[in-house]
Amino acid sequence: MSGALPSAASLYRRVWRVIPPGEWAAFSDDIEAILTLKRERNAVILAHNYQTPEIFHCIADIVGDSLALARKAMTVEAKVIVLAGVHFMAETAKLLNPDKIVLIPDLGAGCSLADSITAQDVRLMRQRYPGVPIVTYVNTSAEVKAESDICCTSGNAKAVVESLGVPRVIMLPDEYLAQNIAAQTDVEIIAWKGHCEVHERFTPADIRELRENHPGVTVLAHPECPPDVVAEADFSGSTAAMSDYVETQKPPRVVLMTECSMSDNVALAHPDVEFIRPCNLCPHMKRITLANIRMALEQNHHVVTIEPGIAGRARLAVERMLAI
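Residue numbers (UniProt numbering): 1 to 324.
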């Protein structure tokens, strides 16, 4: 990495509308240290859209949803990748960069969807539905991916399902995503019972209350929300699709039915749009902080490793997805 490091003052100008000066004072030392460490270690930071603004806008080199991070991870030239997100995302980065060091700042940054299914569960599904392809959401462990035919994200799930050219597929583990995709395709989808602990809490009543209290609000819902929530929304799509909707449609007032840091990050790019923020925090995403990102870089903490046999099969399922 070359060129002068940005100053704390210049970085604060990116986020001043959502981070008060007092909070920034507590962040600035870690931010400056991280910027130096990235240069010294030839490291890049990949940050998911649900990361807090001081991470997303000030230290991240690559940002996006799960699909974007997976695609961009393949082009990284740095020796070290720090994944500011949850564990399955770090595993995916490692699958696509087997020769690089991949760090996850907190091993406890898990996912309710990934925890909802095991590799043994997938093997039992194959026995129950012989010959039916298994499409697995990227929000899963490498062990589960390794038992799958192909992966998908919320942004490309419909395309992946239809690409297989079969009348029926198994889609794991998010029940609501599977139901929402099933409503868009003629392919029969057999679902699992996993749910995202953030998105499953939204209800149609929440949307009706938002519309009553904020007349004219445009409601965007993530497809991990229950189908009745998606039906009440004006638009449903991945975090990238929601961000693109705000960019292209420029609604005067909008609410994103997803993890609440997403609203802060998108709002900074659209000061003329009023964002209503129903705040469902992901406790796992919020385990990633500037302090533990700094520690991971300083001490090589929490290196991601995947057993070679599992890694090869899991990588194939991810690469099949990326080829679509």
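Just so it is clear, CB atoms sit at the ideal spot from N, CA and C, and this is done for glycine as well.
{"query": "CA nearest to the CA of Gly85, picked from Ile207, Ala60, Val169 and Gln120", "result": "Ala60"}
{"query": "Secondary structure, alpha helix (DSSP H): runs of 4+ residues fully inside the segment 82-148", "result": "87-96, 112-115, 119-128 and 142-146"}
{"query": "Residue interval of the beta strand (DSSP E) (run including Leu239)", "result": "This sequence places Thr at residue 239; Leu is not what is there. Segment Thr239 to Gln249 is the alpha helix (DSSP H) holding Thr239; no beta strand (DSSP E) there."}
{"query": "Secondary structure of Glu77, DSSP reduced to three states", "result": "coil"}
{"query": "Cα-Cα separation between Phe202 and Glu40, rounded to whole angstroms", "result": "43 angstroms"}
{"query": "C-alpha distance - Leu297 paired with Ile189, whole-angstrom precision", "result": "42 angstroms"}
{"query": "Nonlocal neighbours in the same chain, by C-beta distance under 7 angstroms from Tyr50, ignoring five residues either side", "result": "Glu259, Ser261, Met262, Cys282 and Met285"}
{"query": "Segments of 3+ residues assigned as beta strand (DSSP E) that fall wholly inside the segment 4-60", "result": "43-48"}
{"query": "Whole-number beta carbon distance between Val122 and Ile134, since they are thought to touch under 8 angstroms", "result": "6 angstroms"}
{"query": "Closest by C-alpha distance to Gly237, when choosing among Leu67, Ala9, Pro251 and Leu220", "result": "Leu220"}
{"query": "Beta carbon of Trp192 nearer than 9 angstroms to that of Asp206", "result": "no"}
{"query": "Start and end residues, beta strand (DSSP E) containing Cys151", "result": "Ile150 to Cys152"}
{"query": "Proximity of Leu11 and Cys58 at Cβ, strictly below 9 angstroms", "result": "yes"}
{"query": "Straight-line Cα distance separating Leu172 from Leu96", "result": "21 angstroms"}
{"query": "Residue ranges of each beta strand (DSSP E) within the segment 149-231, 3 or longer", "result": "150-152, 168-172, 188-191 and 218-221"}
{"query": "9 angstroms Cβ cutoff met for Ala142 and Ile310", "result": "yes"}
{"query": "Sufficient close CB pairs (3 or more, under 8 angstroms) joining the segment 225-245 to the segment 138-155", "result": "yes"}
{"query": "Leu256 (DSSP reduced to helix, strand or coil)", "result": "strand"}
{"query": "Proximity of Ile181 and Tyr129 at Cβ, strictly below 9 angstroms", "result": "no"}
{"query": "Under the three-state DSSP convention, the category Val63 falls into", "result": "strand"}
{"query": "Buried versus exposed, by CB contacts within 10 Å (16 or more), Gln184", "result": "exposed"}
{"query": "DSSP three-state assignment for residue 387, whether helix, strand or coil", "result": "No answer is possible for residue 387: the residues shown for the chain start at 1 and end at 324."}
{"query": "Beta-carbon proximity of Arg313 to Ile276, cut-off 9 angstroms", "result": "no"}
{"query": "Cβ-based burial, Lys79 [other Cβ within 10 Å; buried from 16]", "result": "exposed"}
{"query": "Nonlocal neighbours in the same chain, by C-beta distance under 6 angstroms from Ala301, ignoring five residues either side", "result": "The amino acid at residue 301 is misidentified as Ala; the sequence shows His. The residues are Met295."}
{"query": "Three-state secondary structure assigned by DSSP to Met1", "result": "Reliability of the predicted coordinates at Met1 is poor, the pLDDT of 49 falling under 50, and no value is obtained from them."}
{"query": "For Asn42 and Met1, the rounded distance between their alpha carbons", "result": "Unreliable positioning characterises Met1 in this predicted model, as indicated by a pLDDT of 49, which lies under 50. A coordinate reading is not provided."}
{"query": "Residue environment, Gly22, which counts as buried when at least 16 other CB atoms sit within 10 Å", "result": "exposed"}
{"query": "Residue from Arg71, Met321 and Ser148 with nearest C-alpha to Thr118", "result": "Ser148"}
{"query": "Residues near Ile19 in its chain [Cβ-Cβ closer than 7 angstroms; skip 5 each side]", "result": "Pro53 and Glu54"}
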